[in-house]
Structures are given as structure tokens and as C-alpha cells.
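Visitor: With this note's numbering applied, the sequence shown closes on residue 641, and no number is skipped along the way.
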Amino acid sequence: MFNNLSDALSNTFKTITGKSVLSENNIKEAMEQVRLALLSADVHYDTVNEFVGEVSRQCLGEKVLKSVKPSEQVVKVVHEELTRLMGTEEAEVNTSGNPAVIMMVGLHGAGKTTTCAKLAHFYKNQKKKVLLAACDVYRPAAIDQLEALGKDIQVPVFSDRSTPDVVQIAQNAMNTAKSEGHDLVILDMAGRLQIDEDMVQELIRVKERFNPGEILLTADSALGQEAVSVATHFDQALNISGIVLTKLDGDARGGAALSMRKVTGKPIKFITSGEKVSDLEKFRPEGMASRILGMGDIVQLVREAEMHIEEEESARIEEKMRKNTFDLDDFVGQLSMLKKMGGFGRILDFIPGGKAMKDMVNFDEKQVGKIEAMISSMTAKEKQEPEIINMSRRNRIAKGAGAEAADVSQLLKRFQMAREMMGKVTRGEQAFVPGVPGMSATRAKAPTKDDKKKKKKQQKAARKKNRRK
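#1: May I ask whether a heavy atom of the ligand GDP can be found less than 7 Å away from the beta carbon of Y310?
#2: Out of D368, I412, I543, T444, point me to the one whose CA is closest to S508's CA.
#3: Exposed or buried, Y295, counting other C-beta atoms within 10 Å across all chains shown (16 or more means buried)?
#4: Closest to A428 by C-alpha separation, out of D392, I188, L321, R591, would be which residue?
#5: Does DSSP put F498 in a helix, in a strand, or in coil?
#6: Output needed for D501: all residues of its chain with C-beta closer than 6 Å, excluding positions within five of it in sequence on either side, in chain order.
#7: Is I415 closer than 8 Å to L177 when the C-beta atoms are compared?
#8: Determine the contact status of T348 and G283, defining contact as a CB-CB distance below 8 Å.
#9: Suppose contacts are defined by Cβ-Cβ distances below 8 Å. Is V435 in contact with A289 by that definition?
#10: DSSP has V249 in a bridge; who is on the other side?
#11: If you draw a straight line from the C-alpha of V265 to the C-alpha of M276, how long is it?
#12: Can you grab the Cα-Cα spacing for the pair V224 / N175, in whole Å?
#13: Taking C-alpha atoms, which residue in T335, T187, S413 lies nearest to I440?
#14: For P384, count the other beta carbons within 10 Å of its own beta carbon; 16 or more makes it buried, fewer makes it exposed. Which is it?
#15: To which residues of the same chain is G278 closer than 6 Å at the C-beta, ignoring the five residues directly before and after it?
#16: Would you check if the distance between the CB atom of A272 and the CB atom of L356 is smaller than 8 Å?
#17: Per DSSP, M275 is paired with what?
#18: In whole angstroms, what separates the C-alpha of V339 from that of D451?
#19: Could you tell me the distance, in whole angstroms, from the CA atom of L232 to the CA atom of A575?
#20: Apart from the five residues on each side of it in sequence, which residues of its chain come closer than 6 Å, Cβ to Cβ, to A180?
#21: Among the residues of its own chain, which have a CB less than 8 Å from the CB of S581, if the five just before and after it don't count?
#22: Can you list, in chain order, the residues of its chain whose CB lies under 7 Å from that of K617, leaving out five sequence neighbours each side?
#23: For L583, which of helix, strand or coil comes out of DSSP?
#24: Between the beta-carbon of V302 and the beta-carbon of I358, is there less than 8 Å?
#25: May I ask you to list the residues that DSSP assigns as paired with D316?
#26: Once the 5 residues before and after T620 are set aside, which same chain residues still bring their CB inside 6 Å of it?
#27: I think I457 touches T255, with their Cβ atoms under 8 Å apart; what is that distance to the nearest whole Å?
#28: Reducing DSSP to helix, strand and coil, say where A573 ends up.
#29: Please confirm whether M432 and A403 have their CB atoms less than 8 Å apart.
#30: Over the uninterrupted alpha helix (DSSP H) stretch that includes G459, give me the two end residues.
#31: Taking the C-alpha atoms as reference points, what is the distance between S228 and M460?
#32: Are M550 and I569 close, meaning C-beta to C-beta below 8 Å?
#33: Given D332, which residues of its chain have a CB within under 7 Å of its CB, disregarding the five upstream and five downstream residues?
#34: For G322, which residues of its own chain have a beta-carbon under 6 Å away from its beta-carbon, when the five flanking residues on both sides are left out?
#35: For I188, does the three-state DSSP call read helix, strand or coil?
#36: Could you tell me the distance, in whole angstroms, from the CA atom of E374 to the CA atom of E319?
Laid out in C-alpha cells, this is it:
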């Protein structure tokens, strides 16, 4: 997400590292690089000029505090202005009503139908009873697609192939929702290859009949400034309430996210960054600005964790790490949890400095299956006491998992590194993330000298035991 823009901005900040004062010349040079980075990301030209002008004005002549580097001051101003550009506050989503109605509009190819399912999944996890309504009568495949998605996420889908009257279909869906006690109806309206008068009039009729709490435009971020133009036209016709920006995990340059609020005056309310139904999140301008600048987004990480991790499981794992009994069974469980949260790479996107960690670790998500196979080939005792796994055991485990002994050695090394890192977190020696197993806000006391002696004694005994085997 925004990798090219992030790299360009990071390189720009390096050019003023070591400066003792933020002079007009070094600010001008840095801002010219920022301008080029934003234009390359397909940010709207007028938005770029206003942004660069405001950052320059705030930075120019600021004295560099002894404890703060000039580049850090510039990053602070850029972060504040990026946040302001995208809306400052997280936009509220109106889900009031009996039932509440969200009307989804957009062009073909933007991912509207898939986004409807993602929204349904999102609100289902918030304990709302959701009904999806298939209102695209012009593309039968869209109805089939929504029904299949609804089945996958266990959310009912209302459809009626017997009539082309979209208003009547929506009315029947509303009647069904009221009779079955649904809290929220999501209307998947027909898309078009381009905005035309027939489509606009149909959407206006549905809007006037049902007065939806939200009219959300699904906009493809890969279109860059074109997505902003599409949003402007839809807003003029329907007075949309917000935007769902899709496909931010692809090769999108990111300009739409930075330009959308400024040009249209309407907030981005959700973003999608993957194909899974869980790959949708509420848009936080401050968090997105932080991610663009490589500062992570801890708030969103906590939200992701709360969605995928049971509180009891989190407490159990944390307790095992405190007692240094975290074993390979627990390790593979954590890998499964990371897969649910979108994978190791996606988690690193939320952690400050995560991009650099990702480059160093170079973790291949495809290796998770091999890791699971190797751990499955171990005995219960080996999983609990990996220190006993000598070379003969490694060869046996590798053979059972269709791997090499070197792969088993690498797994054990990674496990040990993970256990040590998590141990530091629970002891308060490293940054923590509330809600994530092993990264809880509850901190244990730092180990005493006796604790360290005891640990060394245990490790020595394990090595002796290993040699005997």
C-alpha cells in the first residue's frame, strides 16, 4: 500500500538529515521532491500545490530543537498535513433506522458487489443482522455473485429475477428485512461502464423512495485521478455520503486516497486491501498518513486483533509466554491467527518500522504450510521441548513433512527468535500492542538475577539431555 510514495518520501526526508536549521533552500529542495513524489502517485495537481505550499509555510524558519532532528520536524508537519488533506477525523457511518439502509453505487470493475459482501461481513461481526439485496437486474452474474458471497459469509441475500423494477425489488427486500428483524439492508445497485442518465434516474428513484442513511460510492483506487472524477460526477447526481476506496493492495499509486476528500468534499469511509471478505477497514486519515510515512498504525492493528482473536486465547498465550512454556503447538496457532489477519506482511504494515522489518525478514507467506507440516511431524514432547530435537530427529521430521533437515533447523531458529521477542514484550522490554497475543498492555516484572540463573540452568540441562539422545 503506497510503497512507491512511501519510499520517495523517505528518501526526501534523508536529504535534510543532519541539517542544523530548516533553511529556505533545504526546505525548497525537499518540497520539490515531495511535489514530484505526490504527482507520481497521481495526486490531483491543485491538491499537490496547496499541500506543498502549506508544508513549506509551516516548516520554513523553524528552529531545530536539540532533541529533534530537522527531518523529524518535517515528518511531523507532513504527517499533520496529510491527515488534514484526507479528512482529519474518522468519518461516522450512519447505521440508524429500522432497518438501516446502505445504498452501494459505482461503475463496473470497481469491486462494488464484493465490497457489499465485505461490508455485510464487517457489520455481522459487530452483531448486526444484515440482509444483502441484489438490485442489479441488468447483469444476472452480479446476482449469482452476491448470492455466492452471501452464502460464504452466512448472510442472507434477497433477490427477485422475475421483475426488472429495481424500486420494487428494493421495496420487497425492505419488507423482508422488517418481517425477519434485520438491522441493516445493503442495496447492491446496478453498475455501468460509464455514468449515464438512465442509471442516474434509477438511483435517484431508489434514493427518494428509501432515504438511505448512507449512499456509498465504490471507487477503484487504481484509476488514480480518474477515480476522483468519477466520485465528483456521482456526487453531483446523488449527493453521496461517502466513498469506499478499493484495491489499495494492488499497484495503485494512491493519488485517489489523497485527493478524494479535498476535491469532492466527501469522506472516504472504508478502504479495501485484498480479496478476502475480511480485507475491509474503516478509513482513519491519521492512521493512513502514518502508514504512508512508514510509522505504522497501531490503532488499526488493535482493531484487527480484536476481530480475529478471542480474549481467552490471548490471555492463555500471554500467560504461557510469561512462564516460558510457549511451545511449537502455540507457535503454529499464532501462524494460523496471522493468516486470518491477512498474513505476516500485512501485520508489519501496521507496526512502526514494519516496512524495514519486512525487507530484513523477507518472510514468504507460502512457507506457512510447510511450517505447519513440519510441526505436525513432531512428537508431542518435541513440540513442548524443541531443545531435544537433535540431527537424527530433524531428519525424521523433515522426511515426514517432505522437507529438508535445513528447513527444520530454520524453523527452530525462527521459533526461538519469536519466543525471545515475545518474552521481551511480556517483560516490558519492548513495545507492546494491546489485544495482540504476546503484545498485551499488561506487563510482567523484569526478570531477576535468580530468574536468569534458573533459565541458564534449564538450558544447560536441556543440552545435556540432548547429547544423551
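Here a beta-carbon is modelled for each residue, glycine too, at the ideal position from N, C-alpha and C.
Guide: Quick look at the numbers:
#1: Questions concerning the ligand GDP fall outside what the structure shown contains, since it holds no ligand whatsoever.
#2: For the purposes of this step, residue 508 is identified with residue 336 of the sequence shown, where counting begins at 1. Closest option to S508, Cα to Cα, is I543.
#3: By 1-based counting over the sequence shown, the position of residue 295 is 123. The residue is buried, with at least 16 neighbouring Cβ atoms inside 10 Å.
#4: In the sequence shown, residue 428 corresponds to position 256, counting from 1. Nearest of D392, I188, L321, R591 to A428, Cα basis: D392.
#5: Sequence index remark: in the sequence shown, residue 498 carries index 326 (1-based). Correct three-state label for F498: coil.
#6: As a working note, residue 501 is residue 329 in the sequence shown. Within the same chain, D501 has close Cβ partners K555.
#7: As a position in the sequence shown, residue 177 is number 5, starting the count at 1. As a position in the sequence shown, residue 415 is number 243, starting the count at 1. No.
#8: The sequence position of residue 348 within the sequence shown is 176, counting from 1. The sequence position of residue 283 within the sequence shown is 111, counting from 1. No. Outside cutoff.
#9: Indexing the sequence shown from 1 puts residue 435 at position 263. Indexing the sequence shown from 1 puts residue 289 at position 117. Not in contact: V435 and A289 (Cβ atoms no closer than 8 Å).
#10: Here residue 249 corresponds to residue number 77 of the sequence shown, with the count starting at 1. Looking at the DSSP assignment, V249 forms no beta bridge with any residue, so it has no partner.
#11: Counting from one through the sequence shown, the residue named residue 265 turns up at place 93. Counting from one through the sequence shown, the residue named residue 276 turns up at place 104. Using only the alpha carbons, I get a separation of about 13 Å.
#12: Looking up residue 224 in the sequence shown gives position 52. Looking up residue 175 in the sequence shown gives position 3. When rounded, the distance between both Cα atoms is 20 Å.
#13: For the purposes of this step, residue 440 is identified with residue 268 of the sequence shown, where counting begins at 1. Here the closest residue by C-alpha is S413.
#14: Residue numbering aside, residue 384 sits at position 212 when the sequence shown is read from its first letter. Burial call: buried.
#15: By one-based count along the sequence shown, residue 278 stands at place 106. Around G278: K284, G363, L389, T390.
#16: In the sequence shown, residue 272 corresponds to position 100, counting from 1. In the sequence shown, residue 356 corresponds to position 184, counting from 1. It is a contact, given that the beta carbons lie within the stated cut-off.
#17: Here residue 275 corresponds to residue number 103 of the sequence shown, with the count starting at 1. Bridge partners of M275: L359, I387.
#18: Stepping through the sequence shown from its first residue, residue 339 is reached at position 167. Stepping through the sequence shown from its first residue, residue 451 is reached at position 279. Cα-Cα distance, rounded: 30 Å.
#19: Start at 1 with the first residue of the sequence shown, and residue 232 comes out as number 60. Start at 1 with the first residue of the sequence shown, and residue 575 comes out as number 403. So the alpha carbons of these two residues sit roughly 59 Å apart.
#20: Reading the sequence shown from its first residue, position 8 is the one you call residue 180. Closer than 6 Å at the Cβ level, and outside the excluded window around A180, lie A209.
#21: The residue labelled residue 581 in the question sits at position 409 within the sequence shown. Taken in chain order, the residues that qualify are R566.
#22: Taking the sequence shown and counting its residues from 1, one reaches residue 617 at position 445. Caution is warranted here: a pLDDT of 39 is assigned to K617, below 50, making its placement in the model unreliable, and no coordinate value can be reported.
#23: Within the sequence shown, numbered from 1, the residue matching residue 583 stands at position 411. The answer is helix: DSSP assigns L583 an H, G or I state.
#24: For the purposes of this step, residue 302 is taken as the residue at position 130 of the sequence shown. For the purposes of this step, residue 358 is taken as the residue at position 186 of the sequence shown. Contact flag set, yes.
#25: Within the sequence shown, residue 316 is the residue found at index 144, counting from 1. Paired residues: none, contrary to the question.
#26: Taking the sequence shown and counting its residues from 1, one reaches residue 620 at position 448. Confidence in T620 is poor, its pLDDT being 49 and thus under 50, which makes the residue's placement unreliable; the coordinate value appears in the next sentence. Cβ within range, chain order: n/a, list empty.
#27: What you label residue 457 is simply residue 285 of the sequence shown in a count that begins at 1. What you label residue 255 is simply residue 83 of the sequence shown in a count that begins at 1. A quick correction: the sequence has Pro, not Ile, at residue 457. About 5 Å separates the two Cβ atoms, so the contact holds.
#28: Taking the sequence shown and counting its residues from 1, the one referred to as residue 573 is at position 401. Here A573 sits in helix by DSSP.
#29: On the sequence shown, position 260 is the one that residue 432 refers to. On the sequence shown, position 231 is the one that residue 403 refers to. Yes, they are a contact pair.
#30: Against the sequence shown, residue 459 aligns to sequence position 287. Residues 457 to 464.
#31: Translated into positions along the sequence shown, residue 228 becomes position 56. Translated into positions along the sequence shown, residue 460 becomes position 288. Going from the Cα of S228 to the Cα of M460 covers about 21 Å.
#32: Here the question's residue 550 lines up with position 378 in the sequence shown. Here the question's residue 569 lines up with position 397 in the sequence shown. Going by C-beta atoms, M550 is nearer than 8 Å to I569.
#33: By one-based count along the sequence shown, residue 332 stands at place 160. Closer than 7 Å at Cβ, skipping near neighbours: I341, N344.
#34: For the purposes of this step, residue 322 is identified with residue 150 of the sequence shown, where counting begins at 1. These residues qualify, in order along the chain: L304, V329.
#35: Within the sequence shown, numbered from 1, the residue matching residue 188 stands at position 16. Coil at I188, not helix or strand.
#36: Your numbering for residue 374 matches position 202 in the sequence shown. Your numbering for residue 319 matches position 147 in the sequence shown. Taking the straight line from one Cα to the other gives about 22 Å.
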